[in-house]
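S.K.: Mind having a look at this structure? Questions to follow.
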Amino acid sequence: MNIYIRNATQSDYESLLPLFRQVHEFHVFVRPDLYKENSTPVEQEFFESQLIDEKQHIFVATIGNDIVGFVVAKEDEVIENTFVNERNVIFIKSLCVSETHRKLGIGKKLMKHVFDFGSGLKIDSIELGVSEENLSAIEFYKSIGMATKSRKMELKLK
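Numbered per UniProt numbering, the sequence shown spans residues 1 to 158.
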């Protein structure tokens, strides 16, 4: 089984939509107070705007002609000031491997692609947010060498 990683194209939208739904449905399930049910969580126009944004990158994993995963990454620059040092970061906005293709190394291959891509850009770090409820994702990120940098906390008032 050959897993190939490539840049997403406009024609990938329909194939990616079920994976976008998969990610969104998980978020709706664990945090219905934050996320709305939506059968089209990523509109085609928004997807296409990401493709033409030089700072955003969508990489897809394919097996044969089938898209089995994706990662959405965005370059960001932290401007130095009296409080922080300048840094160039890639922020992983979303990662998904089709439920039917998990545990085959696809997620690792997607993330390695982002790590290699970032190294070529002289990026200081790759960062992401992950739900505390998503224990399998947390374990996955730890298994590829990522570590917790910070934690967001909340107190719900209603």
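Where is the CB? At the ideal position from N, CA and C, for every residue including glycine.
1) How close, in whole Å, do the beta carbons of Ile-8 and Ile-58 come, if the pair is a contact with beta carbons under 8 Å?
2) When burial is assigned at 16 or more other CB atoms within 10 Å of the CB, is Phe-140 buried or exposed?
3) Going by DSSP, name the residue or residues bridged to Thr-62.
4) Starting from Arg-102, follow its DSSP beta bridges and name the residues at the other end.
5) Could you give the DSSP three-state label for Phe-83: helix, strand or coil?
6) Run the CB neighbour count on Phe-83, radius 10 Å, all protein chains shown included, and call it buried at 16 or more, exposed below.
7) With H, G and I counted as helix, E and B as strand and the rest as coil, what does DSSP make of Leu-51?
8) May I ask you to report which of helix, strand or coil DSSP gives Ile-90?
9) Report yes if the C-beta distance between Ile-123 and Glu-80 is below 9 Å; otherwise report no.
10) Please list, in chain order, all residues of the same chain as Glu-133 whose beta carbon is under 7 Å from its beta carbon, the five residues on each side excluded.
11) Taking 7 Å as the limit between beta carbons, can you name the residues of its chain near Lys-108, skipping five residues before and five after?
M.R.: According to the structure shown:
1) The residue you asked about is not Ile; residue 8 is Ala in the sequence shown. Yes, Ala-8 and Ile-58 are in contact; Cβ-Cβ is about 4 Å, under 8 Å.
2) So Phe-140 counts as buried.
3) DSSP lists Tyr-4 and Ile-67 as the beta-bridge partner residues of Thr-62.
4) Answer is none; Arg-102 lacks a bridge partner.
5) Three-state DSSP puts Phe-83 in coil, outside helix and strand.
6) Label assigned to Phe-83: exposed.
7) Residue state for Leu-51 is assigned as helix, using DSSP reduced to three classes.
8) The three-state reading of DSSP puts Ile-90 in strand, counting E and B together.
9) At least 9 Å separates the beta-carbon of Ile-123 from that of Glu-80.
10) So the list reads Val-30, once near-sequence residues are dropped.
11) Excluding sequence positions up to five before and after Lys-108, its CB lies within less than 7 Å of the CB of Ile-144, all in the same chain and listed in chain order.
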